[in-house]
Each structure stands twice: as structure tokens, then as C-alpha cells.
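Beneath this line is the structure, given in C-alpha cells, with notes to follow.
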Amino acid sequence: MIDPIARLLGEWSAEIDIASILLRLAMSIVFAAIIGCERATKRHAAGLRTFMLVSLASTMATMMDVYLIETYGAGVAVISAAAVIGAAIISSNSILFSSKNQIKGLTTSVGLWTSGILGIAIGAGFYSVAVLGFLALICCLSLFPTFETYLKNRSNHFEVHLELTNKNNLQDFVTTLRRLGLRIDDIESNPAYINSGLSVYSVSMTINSPELKKYKTHSEIIQAIGTLDYVYYIEEMN
């Protein structure tokens, strides 16, 4: 079976020669550069060059496997398998835990790993899979965050990072939230701020009040809570 895009380009694109090698390397670099730019513009850990190198290494590894299989009859794609493992290790290193008990870089980590898979598809000559996969990945990274935010704001459950000027105000905070129609599900003290002079917590809460459910978004509720005298800082956790 010949890839549909390879059929349009000609038989040369399905073979391993100079022209197809240049095409596959160029596709790998361009696709990864676009994905890397999208992540870099949002100030995420892994940037443009990292995405390009991961994709390029996967493409080269797969082309080497294809050549060895076609030339020497090797039965296992060892090099590309190693490239996938390497991409997974690199992407896992981009996951960070912030002082606010939040996991950062998870989407970028998965994006790096997916770029490696795209590189393998390109190296194997599956241009259609690579193009459609690239478009799907860009849509997930660029378009779905807005939809995700919309769904999150409609949820009755959310978690906040809370900084109080004094730990003695915690009881007042809990009482105020109950009066507003919010139920506190869990409060966890954050030890990262133990010497800061502030009392810092991760607070999980549920909206119980029908009025709040109907008219207020999470950001509006958090803004209202932030006006309390003893609240030094508050923000929703992702």
C-alpha cells in the first residue's frame, strides 16, 4: 500500500533516496518548528529547538530502520524504538512541580512525545498520517484551551492557591465561604512557603449555592474572595 500523498508526489517519495530524504527531513523540521513556536509563545519549558531535535532524531532513526529492513532484511525497528523511548525520557523531564502544588509542563511533555511519533511517521514515508496528525495536534494545542476553560468555568468543583496574612484567619475564611454558598472539600497546607511569613494553602471547594451556579464564574468568585482583608493572594489552580 502506497501512502496517498506519496502517490501524488511520485514513486521517488516512497523510496529512500536523496530527494525523499530531504523531503522527510524538511517536513520533520517544519512541523516541529510550528509546534515548538506554539509552545514557546506560551512560555512553556520546551521550546522551538527541542521540538525540532526530537522530531528530527525520530525521522532519521526511522529512515535508518527502513533502510536496514529493506537492504539487509532486519526484522525489528530497533533504532526508531529507541528514539521513541528517548523522546519519552526527554519529555518527562519537562514536567515540573511548582511551589503552588501544581504540575507544570504536562501538555508540553506530551507534545514533545507526539512530535517524536510524527517524526517516525514522516521517516517511514507515511506522509498522510504525519500531515493529519500534525493538524490534529495543532488543533489540540491552539483551539482546545479555550473550550477547556469554558468547561472548567461551568464546573461546580475547583481548586485555588490561597495565601493568608495569618494562619489564625483560616477559620474566618472557612466561615465566609460557607456563607457564600461554597463547600470546602479539602485544605492542604503548602510547606514551600513555611518561612515566608504567610499561611499558604491549596483549597478544593464545591459550589453549593444555586445562585452561584447560575450566575458566577470561577474567576468572579475568586475575585470576590480576594477582596477579604486577610487574603493576601488567591488564584485558581490548573
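The opening position of the sequence shown corresponds to residue 103 in my numbering, with each subsequent residue numbered one higher. Each residue gets a CB set at the ideal place from its N, CA and C atoms; glycine is no exception.
Checklist entry - By a C-beta neighbour count over all protein chains shown, 10 Å radius and 16 as the cutoff for buried, is phenylalanine 246 buried or exposed? => result Taking all protein chains shown into account, phenylalanine 246 has fewer than 16 neighbouring C-beta atoms within 10 Å of its C-beta and is therefore exposed.
Item to check | Sub-9 Å separation of glutamate 290 and isoleucine 336 beta-carbons | outcome: no
Checklist entry - First and last residue of the beta strand (DSSP E) that includes aspartate 352? => result No answer is possible for residue 352: it lies beyond the span of the chain, which begins at 103 and ends at 340.
Checklist entry - Can asparagine 310 be considered in contact with the ligand ATP, in the sense that its beta carbon sits closer than 8 Å to one or more heavy atoms? => result The model on display carries no ligand, and the ligand ATP is accordingly not part of it.
Checklist entry - Taking only runs of the alpha helix (DSSP H) that begin and end inside the segment 124-190, which ones reach a length of at least 4 residues, in chain order? => result 150-174
Checklist entry - Per DSSP, which one or two residues make a beta bridge with isoleucine 336? => result Leu264
Checklist entry - In terms of DSSP beta bridges, what is tyrosine 303 paired with? => result Leu264, Ser291
Next on the checklist: Measuring straight from C-alpha to C-alpha, what distance separates glycine 213 and lysine 318?
Outcome noted: Between glycine 213 and lysine 318, the alpha-carbon positions lie close to 33 Å from each other.
Checklist entry - Are the segment 154-174 and the segment 219-228 in contact at 8 Å, needing three or more beta carbon pairs? => result For the pair of segments examined, the segment 154-174 was found to touch the segment 219-228: the number of CB pairs separated by less than 8 Å reaches three.
Next on the checklist: Measuring alpha carbon to alpha carbon, tell me which residue in Ile137, Phe228, Glu338 is nearest leucine 237.
Outcome noted: Ile137
Checklist entry - Between the Cα of threonine 278 and the Cα atoms of Ala226, Thr216, Ala326, Ala108, which residue gives the shortest distance? => result Ala326
Checklist entry - serine 201 to methionine 165, Cα distance in whole Å? => result Low per-residue confidence applies at serine 201: pLDDT is 49, beneath 50, and the placement is therefore not dependable, though the value from the model is reported in the following sentence. Approximately 43 Å between the Cα atoms of the pair.
Next on the checklist: If I follow the unbroken alpha helix (DSSP H) through asparagine 255, where does it start and stop?
Outcome noted: 246-256
Next on the checklist: If you measure between the beta carbons of serine 122 and serine 157, is that distance less than 9 Å?
Outcome noted: For serine 122 and serine 157, no; Cβs fall outside 9 Å.
Item to check | For serine 201, three-class secondary structure by DSSP | outcome: Note on serine 201: pLDDT 49, under 50, position unreliable in the model; no value is reported.
Item to check | Secondary structure of serine 309, DSSP reduced to three states | outcome: Residue 309 is actually isoleucine in this sequence, not serine. Looking at isoleucine 309 - three-state DSSP - the assignment turns out to be strand.
Next on the checklist: Here's the rule I'm using: 16 or more other beta-carbon atoms within 10 Å means buried, otherwise exposed. How should serine 244 be labelled?
Outcome noted: exposed
Next on the checklist: Cutting at 6 Å between CB atoms, please list the residues of its own chain near lysine 315, excluding the five before and the five after it.
Outcome noted: Ile309
Item to check | In DSSP terms, what histidine 259 is bridged to | outcome: Thr308
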